[in-house]
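What follows is a single structure, written as structure tokens, with notes after it.
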Amino acid sequence: MDEVVCDETSEAVDSVDLAELLAADTGEMSDEAVRLHLLALHRVHARVEGAITAATGTFAVRKLHTADAGRSPAGWLVARVDQPRGRCQAEVTLGELLPEMPVVAAAFRAGRIGRPKVLQLAEVRTPELVEVFADHEAYLVSEVARLRVDGAGRFLRAWQQQARLHIGWIDPDGPDPGDAPRARVDMSRTFAGRWVLDAELCAEDGTIVRSAIDAEVDELFRVGTFSDHDGMSPAERRGYAVVQIFARKGRPGTKHGAPRPSVEVICDERTLQGLPIDDDEDLRTRICELIDGTPLAPASLHRLLCGADVHRLVIAADGEVLDAGKDIRLANRGQRRALRFRHARHCAFPGCEAPTDWTEAHHVIEYDPDPSNDRGRTDMDNLVPLCRYHHHKVHEGGFTLILTPDGRVRVERPPDAAGRRCRITPARPHRRPVETDPLHALARRRIKALVAAAR
315 MDEVVCDETS
325 EAVDSVDLAE
335 LLAADTGEMS
345 DEAVRLHLLA
355 LHRVHARVEG
365 AITAATGTFA
375 VRKLHTADAG
385 RSPAGWLVAR
395 VDQPRGRCQA
405 EVTLGELLPE
415 MPVVAAAFRA
425 GRIGRPKVLQ
435 LAEVRTPELV
445 EVFADHEAYL
455 VSEVARLRVD
465 GAGRFLRAWQ
475 QQARLHIGWI
485 DPDGPDPGDA
495 PRARVDMSRT
505 FAGRWVLDAE
515 LCAEDGTIVR
525 SAIDAEVDEL
535 FRVGTFSDHD
545 GMSPAERRGY
555 AVVQIFARKG
565 RPGTKHGAPR
575 PSVEVICDER
585 TLQGLPIDDD
595 EDLRTRICEL
605 IDGTPLAPAS
615 LHRLLCGADV
625 HRLVIAADGE
635 VLDAGKDIRL
645 ANRGQRRALR
655 FRHARHCAFP
665 GCEAPTDWTE
675 AHHVIEYDPD
685 PSNDRGRTDM
695 DNLVPLCRYH
705 HHKVHEGGFT
715 LILTPDGRVR
725 VERPPDAAGR
735 RCRITPARPH
745 RRPVETDPLH
755 ALARRRIKAL
765 VAAAR
């Protein structure tokens, strides 16, 4: 029997009648109906929150609390709704701000974005960026609507940093060192003789320390000191690893057969060259961040490069990895690095939170050693990082994985009794896809044609 692939979209979520949605009994629904019903409820919840916030803003602006001798809009709400004072005050503040962000307000009322993302957008709309935010508002809303809340936060912080550099609001060397200590470590002894360690580190130093600890944990698993059944929590393993690093006074362990880098940074070519931002379009394509997505000041990047190993990773304007190393049987370090960037430092299975350090390079089309067969090559267009759980789901669980030419992953469930293969419920990506530049697309096609002609 030929397999039939079915695909559900958000249209099914938006087409449900509200009264029917609220009265539905999930206990009588099919599995797929429950999934779509849950998504529809969250969409309605976002729309209701948007309406409440807008109404709260109108209530506060018109000072309607005074008719009941209320001291403040928030105080009036506290006495009449089941919300704490802090939430009521935050609702008033956000409601008064929404009219100044019309695109955000419209997306909130339509349920395209929820309250957490509205708060993130409001947070980056600082006084010095009001005009720039207004120019970019539609673009910012369209980007964060496609992302998870944590990914939206990273994207907006990076946009804020680049926008400030663009208008010259801050020194390119970064914030004033006097604003916060670069690093702070306190040690105190308890009555029982144990030590309590309390530390606060800047983003760069924190990445160095965390990388060293993670590498040491990896090494201790490799040599058998740690195991899946050792009864230790992740925090206990990290504590043991810290002691081992200090006791040895040496370099941390290794990862994938070579010293693990202390700090990894991703940036675009123009930022690497130190070129200023020309215009809004240039601003949108800039990237300068630590491997975990934390924005990094360009001047800090150039300081790090003084003693760094630089690895080639050619990325197009739309985020496609163009070149990352040679074709070999097993994914090499360059290809693993490229996979990590292309799939936002996570397992490629939609909805998975596992970081790439927990993943293995999976051949979408099974590797074929026959040189006369061009299928199953260890190339970027046939590799994705999968965590062990989802690797088993693909190989033994019957899930089918499809890698699109732009590096995105679609997954189909195992065939049902009728032989149909339905796509899994869509999940939001970890990071934004950069808008495609037609000139880069034309250049990519030309490069691929030249490569094909040379083979």
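Take any residue in the sequence shown, note its place counting from 1, add 314, and you have its number in the working numbering. All C-beta atoms in this analysis are idealised placements derived from N, C-alpha and C, irrespective of residue type, glycine included.
Check your understanding: Excluding five sequence neighbours on each side, which residues of the same chain lie with their C-beta closer than 6 Å to the C-beta of V318?
Key -> Since pLDDT at V318 reaches only 42, below the 50 mark, its modelled position is unreliable, and the value read off the structure follows with that caveat. Cβ within range, chain order: R734.
**Study point:** Which listed residue (A452, T521 and V557) has its alpha carbon closest to that of L534
**Key:** Cα-wise, what sits closest to L534 is V557.
Exercise for review: Give the C-beta separation of T599 and D582 to the nearest angstrom, bearing in mind that I take them to be a contact with Cβ-Cβ under 8 Å.
Suggested key: Contact flag correct, Cβ pair sits at about 6 Å.
Practice item. Please name the residue in E437, R496, W672 and D500 whose C-alpha comes closest to that of Q475. Key: Cα-wise, what sits closest to Q475 is E437.
Review point. Can you name, in chain order, every residue of its own chain whose Cβ lies under 7 Å from the Cβ of H704, other than the five neighbours on each side?
Key: The residues are C661, F663 and C666.
Review point. Taking buried to mean at least 16 other C-beta atoms within 10 Å of its own C-beta, is V698 buried or exposed?
Key: V698 is buried by the Cβ-count criterion.
Point to revise | Unbroken alpha helix (DSSP H) run spanning E532, endpoints | key: A small correction: the amino acid at residue 532 is Asp; Glu does not occupy that position in the sequence shown. D532: member of the alpha helix (DSSP H) spanning A517 to R536, first to last residue.
Review point. Using a Cβ-Cβ cut-off of 7 Å (strictly less than) and excluding sequence neighbours within five positions of I580, which residues of its own chain qualify?
Key: Around I580, the same chain offers I601, E603, I605 and F655 as residues with beta carbons nearer than 7 Å, after the five sequence neighbours per side are excluded.
**Study point:** Which of helix, strand or coil DSSP assigns to I679
**Key:** Note: I679 maps to coil in three-state DSSP.
Review point. Taking the alpha helix (DSSP H) that T599 falls in, what are its first and last residues?
Key: Counting along the chain, the unbroken alpha helix (DSSP H) around T599 starts and ends at D594 to T599.
Review point. Should Q434 go down as buried or exposed, given a rule of 16 or more other Cβ atoms within 10 Å for buried?
Key: With 16 or more neighbouring CB atoms inside 10 Å of its own CB, Q434 falls in the buried class.
Exercise for review: Can you say whether R508 is buried or exposed, counting buried as having 16 or more other CB atoms within 10 angstroms of its CB?
Suggested key: Classification of R508: exposed, given that the 10 Å Cβ count is below 16.
Check your understanding: To which residues does DSSP link V579 through a beta bridge?
Key -> DSSP, once it has assigned bridges, lists L604 as partnering V579.
Check your understanding: Do the segment 456-471 and the segment 420-433 touch if we need at least three Cβ pairs shorter than 8 Å?
Key -> Segments in contact, yes.
**Study point:** Buried or exposed (CB count within 10 angstroms, at least 16 for buried), H570
**Key:** Only weak support exists for where H570 lies, its pLDDT of 44 falling under 50; the value from the coordinates is given anyway. Counting Cβ neighbours within 10 Å, H570 comes out exposed, since fewer than 16 surround it.
Check your understanding: Going by beta carbon distance, what residues of the same chain come within less than 6 Å of S502, once the five residues before and after it are set aside?
Key -> Excluding five sequence positions before and after S502, the CB atoms of its chain that fall closer than 6 Å to its own CB belong to V510, given in chain order.
Check your understanding: When the distance is taken between beta carbons, is D449 closer than 8 Å to D594?
Key -> Contact flag set, yes.
Point to revise | Test item: CB-CB of T774 and F422 under 8 Å | key: The first residue shown for the chain is 315 and the last is 769, placing residue 774 beyond what the model contains.
Review point. Can you tell me the Cα-Cα spacing of R439 and L412, whole angstroms?
Key: In this structure, the straight-line span from the alpha carbon of R439 to that of L412 is close to 12 Å.
Exercise for review: Please determine, among L479, R468, I738 and V531, the residue with the shortest C-alpha to C-alpha distance to V723.
Suggested key: Nearest to V723 by alpha-carbon distance, out of L479, R468, I738 and V531, is I738.
Point to revise | G721 classed as buried or exposed, judged by whether at least 16 other C-beta atoms fall within 10 angstroms | key: G721 comes out buried.
**Study point:** Simplified DSSP assignment, three categories, for H660
**Key:** In the three-state reduction of the DSSP assignment, H660 falls in the strand class.
Practice item. Quickly, what does DSSP pair T372 with across the bridge? List them, please. Key: Here T372 is not bridged, per DSSP, to any residue.
Exercise for review: Return the CA-CA distance between L336 and L355, expressed in angstroms with no decimal places.
Suggested key: Each residue's Cα considered, the two are about 8 Å apart.
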